[in-house]
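One line per chain: the protein sequences are A and B, in this order. Note that this note's numbering has the first sequence beginning at 142, numbered continuously upward. Note that this note's numbering has the second sequence beginning at 245, numbered continuously upward. By construction, the Cβ of each residue, glycine as well, lies at the ideal position given by its N, Cα and C atoms.
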Amino acid sequence: MVGDFRHALVIGASSGIGEAVARRLGADGGRVALVARRGEELARIAVEINAAAGETRAIIRAHDVRDTAEVPELFQRIARDLGGLDLVVYAAGVMPKVAFDEFDPAKDLDMLAVNLGGAMAWLDPAAERFSRLGRGTIVGIGSVAGDRGRSGNPGYGTSKAGLHAYLEGLRNRVAREGVRVVTIKPGFVETAMTRGADGLFWLISADRAAEIILRKAKRGVVCAYVPARWRLVMWVIRAIPSVLFRRLKV
Amino acid sequence: MLDGGRIRWVEGWGMAVAAAGYVERPTAIDEIAGILEAARETGFPVVARGSGCSYGDAALLPEAVVLDCSSMRRVLAWDAETGVVDVEPGVTVEQLWRHTLADGWWPPVVTGTMAPTIGGCLAMNVHGKNNWTRGTIGDHCLELDLLLPDGGKLTMSRERDPELFRAVIGGFGQLGVITRARLRLKRVQSGLIHAKAVAARNLGELLRQLDEAKDDWEYVVGWLDAFAGGSRLGRGLLHFARHVTADEDPEALASLDPTGQDLPATILGIIPKSVMWRLMKPSTNRLGMRAINLAKYVHGATIADGAEYRQSLAAFSFLLDYVPNWKRAYLPGGLIQHQSFVPAAAAENVFARQLELCRRRHMPSFLGVLKRHRPDDFLLSHAVDGFSLALDFPVTASRRAELWQLVAELAEPVVAAGGRFYAAKDAALPGELYRATFHNGELERFQALKHRCDPDRVLRSALAERLLEG
């Protein structure tokens, strides 16, 4: 079993990192609730988790993270149906293709709604619950893209930078209550989001990313780059003066 | 939906089992009814809770509404002539005796701590050191008011709805919420107890002396050193006690003053009791507890053997309250207790096997307590005509699974001997072993009453789900 994660909730579990995290949690003996918009994908994954375990470990709830109003009640019911809650992972995220000369507020605002608004809607009640219980772990899947404002996709970087700041604020608010808030900044991970994209390097599988993420979550680290070598890269990138950074085509 | 701000981490008394729950603290019956209705509407179960003194999972359930009745603590009526008292469920044992002692009345059955609520005591049908002479607390209950999850109210007694009365008492809080209990207390002439301590060299001697004393003394209790083996297996000390009469106590009336019953605030006159558990912590391990058990036995078998002395009622009755929060010495894992009841003829054999098993598994009990019991007519009664052995075990993360397995192994000879188990202490007993101790359709009758009182299964507990549902 992974740490004390006997009951876990993964939002954005129908693909990519979220799916991989959910599969690992189920395989390691915990009960896990999978939440995502695409119910049929969730059902397929849950069936596989449960079949491999020989018992019901995965439950599913179809939900669009843009529907923030339904989150409080859904969150409470999921905790009840799991029989507890030790870990909440927010892995929902979108990154639509944005052309270099495209300025589309609809796309940008949707990224904010999914990548940041949904995280706030789910992780606020999680933080309230965990702080009152004096235990629990929250994991937010950010991105190395949130460390600088890249010209390639300003909206995406903003949503992830906002998520990083939100998670840090949450951590500073609840750490004294014994709650862990872990910020994960993946580099390039083999998911639907990166499929077909140019210029990828150090690509790791979603399962490998999930393994690292759960290990970091178990240790309760503050912020983890996945894989770790990105920490050095991003340290360098963050140090590049703005006047130079704007000349780079990233 | 429920108010998320009410969620709290709720522990069993032994701190080894716990769960998150939405804690509600009603102060009136209408509030309880409202909480039950809200739970029904939202589809959340409700678990009844008093002071949380059950060692295990009797008063908790993951993600349930925790109906904490400890704020309903009014003494509704008290008749100092007849000793009959009406109380709300959250009145504690302490509150009760402090209310009645000056009038010359004492609760006929008290637990080893005065913290439990009367509602909790009735739900688990607790016993004391005088189980042989006085029975359980249920034997002294005259009448109960029960609030059903659908809002219905029932009043019951041995004459009025007797089957339900005998099932609610000791019914784990599964049939309804007790909102009023009427008890008859026991006349006492003095606030003192006359006690005698004797030593026993082995288990057989311990049980024999306990049995021989049961009709001569109201209170009989044995302690055993669970670390001793071989010919000294089950060696221990016995304490017998009876109430002092007015003839014996020239200060009898003054000794009934409740303030004179206060437990000392310090140990050995200098150490504040509040820090004692921290001082105990370094010795709360196998080596330390072996030494403490040995020292206790040697002292009892030499200097104190045969000693007779007087104690206040509270000092004799509430040994567990001497050191506040002593259970914290067992942190971080907490502790569990296993108490099995075995018919008299089989007791020595079964208890010897249990003690040997603990030694073989290198998990000796840190505290072992023996009592003499008599049967009663409550539906899910734990009592038999025989003895009980209560064994405390520390819980550690690395050996938790082994300990749970040990509890199952300890239980097997009890089942084979026609014994029973005490649910108020339990955290780890496999349900099939608990259910195997009932042979006359008791569980089926209980489920029928459950269907009558709570068809939607609103009232639940982790203990009830583990033990009653197969």
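Can the beta-carbon of residue i be found closer than 8 Å to that of residue j?
{"i": "Ile381 (chain B)", "j": "Val331 (chain B)", "result": "no"}
{"i": "Glu592 (chain B)", "j": "Leu451 (chain B)", "result": "yes"}
{"i": "Lys571 (chain B)", "j": "Gly258 (chain B)", "result": "yes"}
{"i": "Leu703 (chain B)", "j": "Val267 (chain B)", "result": "no"}
{"i": "Gly224 (chain A)", "j": "Arg172 (chain A)", "result": "yes"}
{"i": "Gly356 (chain B)", "j": "Leu624 (chain B)", "result": "no"}
{"i": "Leu477 (chain B)", "j": "Ala660 (chain B)", "result": "no"}
{"i": "Leu579 (chain B)", "j": "Pro638 (chain B)", "result": "yes"}
{"i": "Val651 (chain B)", "j": "Val586 (chain B)", "result": "no"}
{"i": "Arg198 (chain A)", "j": "Ala174 (chain A)", "result": "no"}
{"i": "Tyr566 (chain B)", "j": "Asp469 (chain B)", "result": "no"}
{"i": "Cys364 (chain A)", "j": "Thr332 (chain A)", "result": "no"}
{"i": "Gly287 (chain B)", "j": "Ser314 (chain B)", "result": "no"}
{"i": "Leu601 (chain B)", "j": "Glu653 (chain B)", "result": "yes"}
{"i": "Asn369 (chain B)", "j": "Ile413 (chain B)", "result": "yes"}
{"i": "Glu189 (chain A)", "j": "Ser155 (chain A)", "result": "no"}
{"i": "Arg428 (chain B)", "j": "Val328 (chain B)", "result": "yes"}
{"i": "His204 (chain A)", "j": "Arg179 (chain A)", "result": "no"}
{"i": "Lys458 (chain B)", "j": "Pro352 (chain B)", "result": "no"}
{"i": "Gln453 (chain B)", "j": "Val442 (chain B)", "result": "yes"}
{"i": "Phe484 (chain B)", "j": "Trp521 (chain B)", "result": "no"}
{"i": "Ala367 (chain B)", "j": "Asp347 (chain B)", "result": "no"}
{"i": "Gly577 (chain B)", "j": "Ala641 (chain B)", "result": "yes"}
{"i": "Leu304 (chain A)", "j": "Leu250 (chain A)", "result": "no"}
Based on DSSP bridge pairs, tell me the residues matched to residue i.
{"i": "Trp349 (chain B)", "result": "B:Arg431"}
{"i": "Gln581 (chain B)", "result": "B:Asp636"}
{"i": "Glu240 (chain B)", "result": "The question about residue 240 (chain B) has no answer here: the residues shown for chain B are numbered 245 through 714."}
{"i": "Asp389 (chain B)", "result": "B:Thr399, B:Arg424"}
{"i": "Ile437 (chain B)", "result": "B:His487, B:Gln555"}
{"i": "Arg321 (chain A)", "result": "A:Thr278"}
{"i": "His148 (chain A)", "result": "A:Arg172"}
{"i": "Ser346 (chain A)", "result": "A:Glu331"}
{"i": "Lys615 (chain B)", "result": "B:Val465, B:Ser632"}
{"i": "Glu189 (chain A)", "result": "Answer is none; Glu189 (chain A) lacks a bridge partner."}
{"i": "Thr361 (chain B)", "result": "B:Thr336"}
{"i": "Glu255 (chain B)", "result": "B:Ala262"}
{"i": "Tyr366 (chain A)", "result": "A:Lys326"}
{"i": "Tyr231 (chain A)", "result": "A:Ile152, A:Gly281"}
Excluding sequence positions up to five away, which residues of its chain have a Cβ less than 8 Å from the Cβ of residue i?
{"i": "Ala262 (chain B)", "result": "Trp253, Val254, Glu255, Gly256, Leu304"}
{"i": "Pro516 (chain B)", "result": "Ala509, Thr510"}
{"i": "Met142 (chain A)", "result": "Because Met142 (chain A) carries a pLDDT of 40, less than 50, the predicted location of this residue cannot be relied on, and the following value inherits that uncertainty. The answer, listed in chain order, is Asp169, Gly170, Gly171."}
{"i": "Gly714 (chain B)", "result": "Gly675, Glu676, Arg679"}
{"i": "Ile514 (chain B)", "result": "none"}
{"i": "Arg317 (chain A)", "result": "none"}
Tell me which residues share the same chain as residue i and place their Cβ nearer than 6 Å to its Cβ, disregarding the 5 neighbours each side in the sequence.
{"i": "Ile279 (chain A)", "result": "Val229, Leu264, Ala267, Val322"}
{"i": "Pro382 (chain A)", "result": "none"}
{"i": "Gln583 (chain B)", "result": "Ser632, Ala634, Tyr666, Lys669"}
{"i": "Gln433 (chain B)", "result": "Thr489, Ala490, Ala496"}
{"i": "Gly159 (chain A)", "result": "Val151, Gly153, Ala232"}
{"i": "Gly259 (chain A)", "result": "Val206, Ala233"}
{"i": "Asp247 (chain B)", "result": "none"}
{"i": "Asn569 (chain B)", "result": "Trp521"}
Tell me which residues share the same chain as residue i and place their Cβ nearer than 7 Å to its Cβ, disregarding the 5 neighbours each side in the sequence.
{"i": "Leu391 (chain B)", "result": "Ile273, Ile276, Ala277, Lys397, Gly420, Val421, Thr423"}
{"i": "Phe329 (chain A)", "result": "Thr335, Leu341, Phe342, Trp343, Leu344"}
{"i": "Met375 (chain A)", "result": "Val285, Asp288, Tyr366"}
{"i": "Val162 (chain A)", "result": "Val151, Val230, Ala232, Ala351, Ile354, Leu355"}
{"i": "Lys248 (chain A)", "result": "Pro237, Val239, Gly296"}
{"i": "Gly630 (chain B)", "result": "Phe585, Val586, Pro587, Ala588, Ala591, His617"}
{"i": "Asn529 (chain B)", "result": "none"}
What residue ranges within the region 474-537 of chain B form continuous beta strand (DSSP E) runs of no fewer than 3 residues, ordered along the chain?
You should have 480-487.
May I ask you to list, following chain order, the residues of the region 255-279 of chain A that have a beta carbon less than 8 Å from some beta carbon of chain B?
Here the close residues are Pro266, Glu269, Arg270, Arg273, Leu274, Gly275, Arg276.
If we require 4 or more residues per run, which alpha helix (DSSP H) segments fall completely within the region 652-685 of chain B?
Uninterrupted alpha helix (DSSP H) stretches at least 4 residues long and entirely within the region 652-685 of chain B occur at 675-679, given in chain order.
Mind checking the region 214-225 of chain A against chain B and listing, in chain order, the residues whose C-beta falls within less than 7 Å of any C-beta there?
The residues in question are Glu214, Gln217, Ala220, Arg221, Gly224, Gly225.
Residues from the region 282-306 of chain B in contact with chain A, defined by Cβ distance under 7 Å
Result list: Phe288, Pro306.
Along the region 622-655 of chain B, what residues have a CB closer than 7 Å to any CB found in chain A?
From the region 622-655 of chain B, no residue has a Cβ closer than 7 Å to chain A.
Members of the region 256-271 of chain B near chain A, C-beta cut-off 7 Å:
Along the region 256-271 of chain B, going in chain order, the ones with a CB nearer than 7 Å to a CB of chain A are Ala263, Ala264.
Please give the ranges of any alpha helix (DSSP H) in the region 254-306 of chain A, keeping only runs that are unbroken, at least 4 residues long and fully inside the region.
Within the region 254-306 of chain A, the complete alpha helix (DSSP H) segments of 4 residues or longer fall at 259-274, listed in chain order.
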